[in-house]
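J.: If you count the sequence shown from 1, position 91 lands on 85 in our numbering, and the numbers rise without skipping. Think of the CB as a built atom: it goes at the ideal place given N, C-alpha and C, for glycine as much as any other residue. Computed from a predicted model, the values in this text were never measured in an experiment.
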Amino acid sequence: MTPPTALIAGAGIGGLAAALALERAGWNVRVFERAASPRELGFALNLAANAMAALDELGIAEPVLNGGHRTGVAEIRRPDGRALKRVYLPEAIGQAVAIVATRPVLHGALLAAVEHTCPGALELGAEAVDFEQDGSGVVLRLADGRDVRGDMLVGADGVGSAVRRRLHPHEGPPRSSGHHALRGVAHGVVELLGDVSAATYLGDGIEASIARAGRDAVYWYMSLLTADVGATAETPHELARRFVRRLDRTFTAIVEATQRGDVRLDQLFDREPLAQWGTGLVTLLGDAAHPMLPHTGQGAAQALEDAVALGLAVRQVEGLPAALRRYERIRSARTRALVVRGRRAAWITTTHNPVLKAVRTGLIRLVPARVMARMFMLVERTDPHRELRAL
Ligand SMILES: Cc1cc2nc3c(=O)[nH]c(=O)nc-3n(C[C@H](O)[C@H](O)[C@H](O)COP(=O)(O)OP(=O)(O)OC[C@H]3O[C@@H](n4cnc5c(N)ncnc54)[C@H](O)[C@@H]3O)c2cc1C
């Protein structure tokens, strides 16, 4: 019997992970990516324990682990560099593994696995613009005029998702969250980190991090209030030099060592969580379904978890719409909580309010380092997929 076909819009972290999970569940997959070349820019990301568990389930934890840096000592610091909290992460999170890796390492591992297990599945320069459902399946319309038929459509096309727009035509566009992110990667400066793998600085209207992201890469990130960034003609590198004055000499040296082209400024967007993600044979995944602020450190992790959950939900093709709604119900409960957590974290980590800043410092002192580490790395006692596995 020919396997059913899943159409996936978008070849980001979520779309590629979904391709792997669905192939494992017995589906034929076709992935349509708008960009002419499949790539993630050279910045990095924190892959928390739950992200590594999902990668393990997708069979690609090893190459990502080998290309990234397993976080050892992590600190929360005052802007002048003095530590408020210090933790040895492997001890705090036990069996779990958390790393920081460059995006090309993660995306490259996903791409290589998709090319290996589903050769020819990925089509580049293929923009999804519309879809129709009928009694026997779903037809995806591409910008070049082609219609592609399949048994299911997954919109993994990011925060501005065309599939979501078609599913929810009355929803407005993503709105500004009031925050910007500045990020960069520096090379040849790993020794500046000393014995620390990662450090987060909490200052006045700024949250910033530095982290080792591989043999030679140091990733840095600043979360800023859009009001403080202002309407500026400064380049991202110039902006970074302006804001790094609020931080210590280590951070300054890392920013100074970053090539101009390796710095990027992004406005961060937010959306209200949807009551229902999809209809019929169409669903959403990753940022298309639940964009969340980077203050959770969980956007990619949740896209990876979505993919594992989707693969588990659609092991049988019979009753597919019901299986997709079950996937959405389980995933939307989990991701909704993180969207809210992200907003709260963004608010408290970038506040200018002196009382809130004092409360923040007090809380960091009060909460045991192990508890804090396990919460941020999403180390949990229960399997997020237990309900789907039990089916
Ligand atoms: C500053 C910052 C820091 C972050 N740090 C972390 C972190 O440390 N840890 C973490 O887990 N997450 C982090 N995230 C979140 C993470 O980057 C995202 O959640 C994740 O990349 C989402 O993946 P995705 O595949 O759902 O969407 P995307 O990465 O947006 O991929 C969507 C893909 O779809 C394609 N596409 C778009 N429209 C169409 C169309 N119409 N047709 C076909 N293709 C289309 C796009 O070209 C793209 O390739 C961070 C985000 C930001 C902004």
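1. Can you determine whether any heavy atom of ligand 1 sits closer than 6 Å to the C-beta of L187, and answer yes or no?
2. Return the first residue and the last residue of the alpha helix (DSSP H) that L35 is part of.
3. Quick check: what's the CA-CA separation for V123 versus V25?
4. Could you tell me whether the Cβ atoms of P168 and R320 are closer together than 7 Å?
5. Could you have a look at G171 and say whether DSSP puts it in helix, strand or coil?
6. Spatial neighbours of A340 within its chain, please: C-beta separation below 6 Å, excluding the five flanking residues on both sides.
7. Have a look at G152 and T(-1) and give me their C-alpha separation to the nearest angstrom.
8. Tell me which residues share the same chain as S170 and place their Cβ nearer than 8 Å to its Cβ, disregarding the 5 neighbours each side in the sequence.
9. Distance, Cα to Cα, G4 vs F37?
10. Nearer than 6 Å: is that true of the beta carbon of Q261 relative to any heavy atom of ligand 1?
11. When DSSP builds the beta bridges, which residues end up paired with S203?
12. May I ask you to report which of helix, strand or coil DSSP gives I54?
13. Looking at the unbroken beta strand (DSSP E) that takes in M146, where does it start and where does it end?
14. Quick check: is any heavy atom of ligand 1 less than 6 Å from the C-beta of D300?
15. By Cβ distance below 6 Å, which residues in the same chain neighbour T329 in space, the five residues on each side in sequence not counted?
16. Give a yes or no on contact between the segment 92 to 103 and the segment 42 to 62, applying the rule of three or more CB pairs nearer than 8 Å.
17. Alpha carbon to alpha carbon, how far is Q310 from C112?
18. For L1, report the span of its beta strand (DSSP E) as first-last.
19. For D141, name the three-state secondary structure that DSSP assigns.
20. Using a Cβ-Cβ cut-off of 6 Å (strictly less than) and excluding sequence neighbours within five positions of I54, which residues of its own chain qualify?
21. Are L187 and M216 close, meaning C-beta to C-beta below 7 Å?
22. Pick helix, strand or coil for G178, following the three-state DSSP scheme.
23. Report the residue from V361, G208 and P32 whose alpha carbon sits nearest the alpha carbon of G61.
24. What do you reckon, is the C-beta of L357 under 6 Å from a heavy atom of ligand 1?
25. To the nearest angstrom, how far is it from the Cα of R375 to the Cα of G144?
26. What whole-angstrom Cβ distance do P32 and L118 have, given they're in contact under 8 Å?
27. Buried or exposed for T226, going by 16 or more other Cβ atoms inside 10 Å?
28. Taking the DSSP output, what are the residues bridged to H101?
29. Have a look at T343, V276, I324 and A384 and flag the residue whose alpha-carbon is nearest the alpha-carbon of R71.
30. Are the CB atoms of A251 and A202 nearer to each other than 7 Å?
31. Would you report the Cα separation of G75 and L278, rounded to the nearest angstrom?
32. Is V153 helix, strand or coil when you go by DSSP?
33. Name the DSSP beta bridge partners of D128, please?
34. Relative to the C-alpha of V212, which residue among I248, L241 and R243 is closest?
35. Quick one: residues in its chain with C-beta nearer than 7 Å to the C-beta of E121, no 5 flanking neighbours on either side, listed in chain order?
T.: Walking through what the data contain:
1. no
2. Here L35 belongs to no alpha helix (DSSP H), and DSSP marks it neither H nor E.
3. 14 Å
4. no
5. This sequence places Ser at residue 171; Gly is not what is there. Strand, per DSSP.
6. Counting only residues of its own chain and dropping the five nearest sequence neighbours on each side, A340 has a CB closer than 6 Å to the CB of H173, L287 and H289.
7. 21 Å
8. T220, Q261, L262, F263 and D264
9. 19 Å
10. no
11. T194 and Y215
12. coil
13. Element bounds for M146: M146 to G149.
14. no
15. H284 and Q296
16. yes
17. 20 Å
18. T(-1) to A3 is the span of the beta strand (DSSP E), which, as asked, contains L1.
19. Reduced to three states, the DSSP call for D141 is strand.
20. A103 and A107
21. no
22. Looking at G178 - three-state DSSP - the assignment turns out to be strand.
23. Its Cα nearest to that of G61, the residue G208 stands out among V361, G208 and P32.
24. no
25. Annotation: R375 to G144 spans about 38 Å, alpha carbon to alpha carbon.
26. The C-beta distance from P32 to L118 rounds to 6 Å, short enough to meet the 8 Å contact threshold.
27. Under this definition T226 is an exposed residue.
28. Partner(s): none; H101 has no beta bridge.
29. Taking only the C-alpha atoms, the option nearest R71 is T343.
30. no
31. 42 Å
32. coil
33. The partner list for D128 (beta bridge, DSSP) reads G131.
34. I248
35. R28, L136 and A137
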